[in-house]
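Undergrad: I have a structure here, written as structure tokens, and I will follow up with some questions on it.
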Amino acid sequence: MTKRPAATGGIPPIARLLGLSGLLPQLAAVALLLSGDPQSRFSALAIAYAYAAIILSFLGGLWWGLAARTDSPPRWLWFASVAPSLIALATAWPWMVGLRWPGPSLVVLGISLIAALLVDRALVKAGIAPPGWMKLRMPLSLGLGVLTMLAAAL
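Residue numbers (the working numbering): 1 to 154.
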């Protein structure tokens with residue numbers, strides 16, 4: 001069994017580095033939108049949307065995994081684990097039916113990514129996630145959530 005580093009609250013430094021590097025795709029999409037190039041605008045918005053939806057779904061899978069490895073996880077955690085994928089799918093609906101997209105969908109995804117911190121905090125409080133979990137999750141969820149909403153505003 002591998003011992004977790006105490007200095008990072010049980011979160012290995014590689015997880016922090018790779019997690020922060022996960023903000024790069026959204027930063028690139030926002031930079032492309034800021035460039036003002038009209039030919040790349042839709043692609044940049046689509047990338048920002050797809051990446052936010054994928055990461056939100058990933059969080060749900062992560063929570064499902066934490067629930068599955070816990071002896072008696074709280075019942076709410078199973079529902080919380082499925083919600084991100086359903087939200088991500090629902091935000092694709094406007095695009096599928098030809099409504100305004102992806103601006104409002106990006107806002108919903110951004111808010112959902114930030115709201116995911118409530119689940120993360122509850123996981124730490126319940127002893128399901130390691131104590132240093134919030135030090136990892138705060139910059140990632142806030143960063144991606146804000147960048148996603150910024151993409152919607154551009």
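Quick reminder that beta carbons are idealized off the backbone N, C-alpha and C, glycines included.
Please identify the residue among 35, 151, 39 whose C-alpha is closest to the C-alpha of residue 102.
TA: The shortest C-alpha separation from residue 102 is found at 151.
Undergrad: Helix, strand or coil for residue 100 per DSSP?
TA: Looking at residue 100 - three-state DSSP - the assignment turns out to be coil, as it is neither helix nor strand.
Undergrad: Starting from residue 26 and walking both ways along the alpha helix (DSSP H), at which residues does that stretch end?
TA: Counting along the chain, the alpha helix (DSSP H) containing residue 26 begins and ends at 24-35.
Undergrad: Let's see if you can read the secondary structure: which residues bound the alpha helix (DSSP H) around residue 72?
TA: Unbroken run through residue 72: none, as it is neither H nor E.
Undergrad: Going by beta carbon distance, what residues of the same chain come within less than 7 angstroms of residue 121, once the five residues before and after it are set aside?
TA: These residues qualify, in order along the chain: 134.
Undergrad: Mapping the DSSP letters down to three states, classify residue 114 as helix, strand or coil.
TA: Helix.
Undergrad: Determine the burial state of residue 54: buried for a count of at least 16 other Cβ atoms within 10 Å of its Cβ, exposed for fewer.
TA: Looking at its Cβ environment, which holds fewer than 16 other Cβ atoms inside 10 Å, residue 54 is exposed.
Undergrad: Pick out whichever of 28, 115, 119, 24 has its Cα sitting closest to the Cα of residue 76.
TA: Residue 76 has its Cα closest to that of 119, out of 28, 115, 119, 24.
Undergrad: Given a threshold of 16 other Cβ atoms within 10 Å of its Cβ, counted over all protein chains shown, does residue 39 qualify as buried or as exposed?
TA: Exposed: under 16 other Cβ atoms inside 10 Å.
Undergrad: Once the 5 residues before and after residue 143 are set aside, which same chain residues still bring their CB inside 7 angstroms of it?
TA: Excluding positions up to five away in sequence, the list reads 23.
Undergrad: By a C-beta neighbour count over all protein chains shown, 10 Å radius and 16 as the cutoff for buried, is residue 69 buried or exposed?
TA: With fewer than 16 other Cβ atoms within 10 Å, it is exposed.
Undergrad: Buried or exposed for residue 98, going by 16 or more other Cβ atoms inside 10 Å?
TA: Exposed is the call here.
Undergrad: Relative to the C-alpha of residue 62, which candidate in 48, 27, 78, 35 has its C-alpha closest?
TA: The option with the nearest alpha carbon to residue 62 is 78.
Undergrad: In the structure shown, what three-state DSSP assignment does residue 48 receive?
TA: Correct three-state label for residue 48: helix.
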